[in-house]
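Enquirer: Here our numbering is used: the first residue of the sequence shown is 665, the next is one more, and so on. Just so it is clear, CB atoms sit at the ideal spot from N, CA and C, and this is done for glycine as well. Bear in mind that the values here come from a model prediction, so they are computed numbers and not experimental data.
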Amino acid sequence: MTRISSGIPALDEMLNGGFMPASSILLRGAPGTGKTTFAFQFLIEGLCQNPPQSGLLVAFEEFPESLYRDAASLGWDLKAFESSGLLQIMFTSPEVFLHSLSSPESTLTRRIHDYNIQRIALDSLTHFTRLTTNTHELRDLYNRIINGVRREGLTGLYLGEEMRSDFTIDEKGRLSFIVDCLLLLRYLEIDSAVERAITVLKMRSSDHDKQIHRFNIEASDEPHAPRIHIGPALQGKAGLLAGLTERRIISNVRSTQ
Ligand SMILES: Nc1ncnc2c1ncn2[C@@H]1O[C@H](COP(=O)(O)OP(=O)(O)OP(=O)(O)O)[C@@H](O)[C@H]1O
Ligand SMILES: [Mg+2]
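Rendered as structure tokens:
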């Protein structure tokens, strides 16, 4: 099966070749870890394919100008991509998005068909949590979104904001259980410096890398070049996913037990 490239070669390797077509991917991370940058990268990678795969970015409650400015600081001209007709950007509310997804005549559905959209990114799914306080309703709502996107045959990247340092704590609506693929971005404090790390926690129907990798974000003038650079797996550390300050070498820990 042809995989869907994330736009980041090392991440594709971690995913054993890329995302599954028409799958749902949840990218969870704390504020500023790079979630929106991953979404840009994923959509712009689609535009670079031959033939190109059109993309749609749905932003909730983000000011359009700040989105264009953030992309420009990384060397991406979103307006130029939009002018090419290969990238669509929608600024909407969770309520309108939900309604539009189930309505064949909505602007959203028409755009998906008219522009032959194949990749979609939602920034972020966390905005849907304010539609209900009921956990079952929220899960049902997430299912409606993910199934609606899958029904259209799109590969969906869903961003999820989190503040917690412990990824094992249950989340409202159990979104991580619903999606096909779960990626986690983390801040790590290593040797008194804050670094970013990524790991693949889950990937249905495929093997994947289970290790934690450092990554960094760098601007580039080349539209198609990756802005996210993933390094080799971190070795000999413990407690990284919990965001602990960590200098313990696992073998030392074992030897003192
Ligand atoms: N031009 C740049 N060069 C290097 N790093 C950059 C550049 N522009 C932004 N960054 C880094 O990217 C981070 C923001 O990334 P991004 O907006 O993708 O994060 P996010 O997880 O979506 O944040 P939020 O939770 O606020 O939506 C900044 O905090 C900064 O560290
Ligand atoms: Mg963001």
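Could you give the DSSP three-state label for Leu865: helix, strand or coil?
Expert: It is a strand residue.
Enquirer: Write down the C-beta distance between Ser669 and Thr819 rounded to the nearest angstrom, noting that I regard them as a contact closer than 8 Å.
Expert: Not a contact, Cβ separation roughly 10 Å.
Enquirer: Does the beta carbon of Asp885 fall short of 7 Å from some heavy atom of ligand 1?
Expert: It does not: the Cβ of Asp885 is nowhere closer than 7 Å to a heavy atom of ligand 1.
Enquirer: Looking at Gly812 and ligand 1, is the gap between the Cβ and the nearest heavy atom below 7 Å?
Expert: No, the Cβ of Gly812 stays beyond 7 Å of every heavy atom of ligand 1.
Enquirer: Quick one: does the C-beta of Lys958 sit closer than 7 Å to a heavy atom of ligand 2?
Expert: The structure shown does not extend to residue 958, since the chain is modelled only from 665 to 921, so the question has no answer here.
Enquirer: Mapping the DSSP letters down to three states, classify Ala760 as helix, strand or coil.
Expert: What sits at residue 760 in the sequence shown is Val, not Ala. The answer is helix: DSSP assigns Val760 an H, G or I state.
Enquirer: Between Gly698, Cys712 and Ile810, which has its C-alpha nearest Gly671's C-alpha?
Expert: The residue with the shortest Cα to Cα distance from Gly671 is Cys712.
Enquirer: Which ranges does the alpha helix (DSSP H) cover as unbroken runs of at least 4 residues, wholly within the stretch 716 to 787, from first to last along the chain?
Expert: Counting whole runs of 4 or more residues, the stretch 716 to 787 contains the alpha helix (DSSP H) stretches 728 to 737, 742 to 747, 758 to 765 and 771 to 778.
Enquirer: Would you report the Cα separation of Thr930 and Ile854, rounded to the nearest angstrom?
Expert: Nothing can be reported for residue 930, as the shown portion of the chain is limited to 665 through 921.
Enquirer: Using DSSP bridges, identify the partner residues of Ala857.
Expert: Per DSSP, Ile854.
Enquirer: Please state whether DSSP places Ile913 in a helix, a strand or coil.
Expert: Any reading at Ile913 must be qualified, since the residue scores a pLDDT of 43, below 50, and its modelled position is unreliable; no value is offered.
Enquirer: Return helix, strand or coil for Thr799, following the three-state DSSP convention.
Expert: Helix.
Enquirer: On the CB-based measure, 16 or more other CB atoms within 10 Å of its CB, does Val858 come out buried or exposed?
Expert: Its Cβ having fewer than 16 others within 10 Å, Val858 is exposed.
Enquirer: Can you check DSSP and say which residues form a bridge with Leu805?
Expert: None; Leu805 has no bridge partner.
Enquirer: Would Phe727 pass as a contact of Pro758 if the rule is Cβ separation under 8 Å?
Expert: Result no, Cβ atoms of Phe727 and Pro758 do not sit closer than 8 Å.
Enquirer: Quick one: residues in its chain with C-beta nearer than 6 Å to the C-beta of Thr796, no 5 flanking neighbours on either side, listed in chain order?
Expert: Closer than 6 Å at the Cβ level, and outside the excluded window around Thr796, lie Leu802.
Enquirer: From which residue to which residue does the beta strand (DSSP E) around Gly895 run?
Expert: Unbroken beta strand (DSSP E) run through Gly895: Ile892 to Ala897.
Enquirer: Below 8 Å CB to CB, which residues in the same chain sit around Glu746 once its five sequence neighbours on both sides are set aside?
Expert: These residues qualify, in order along the chain: Gln752 and Ile753.
Enquirer: Is the beta carbon of Leu848 sitting closer than 8 Å to the one on Leu823?
Expert: No; because the gap between Cβ atoms is not below 8 Å, this pair is not in contact.
Enquirer: What number of angstroms, rounded off, separates the C-alpha of Asn880 from the C-alpha of Gln705?
Expert: Distance between the alpha carbons of Asn880 and Gln705: 13 Å.
Enquirer: Write down the C-beta distance between Ala736 and Ile894 rounded to the nearest angstrom, noting that I regard them as a contact closer than 8 Å.
Expert: That pair is no contact at about 23 Å.
Enquirer: Just grab the DSSP bridge partners of Cys845 for me.
Expert: For Cys845, which the question treats as bridged, DSSP gives the partners Ile689 and Met867.
Enquirer: Exposed or buried, what is Ile833 when buried is set at 16 or more other beta-carbons lying within 10 Å of its beta-carbon?
Expert: Caution applies to Ile833, whose pLDDT of 49 falls short of 50 and renders its modelled position unreliable; the value that the coordinates give is listed next. So Ile833 ends up on the exposed side.
Enquirer: Under 7 Å from any heavy atom of ligand 1, does the C-beta of Glu882 make it?
Expert: Yes, since a heavy atom of ligand 1 falls inside the 7 Å radius drawn around the Cβ of Glu882.
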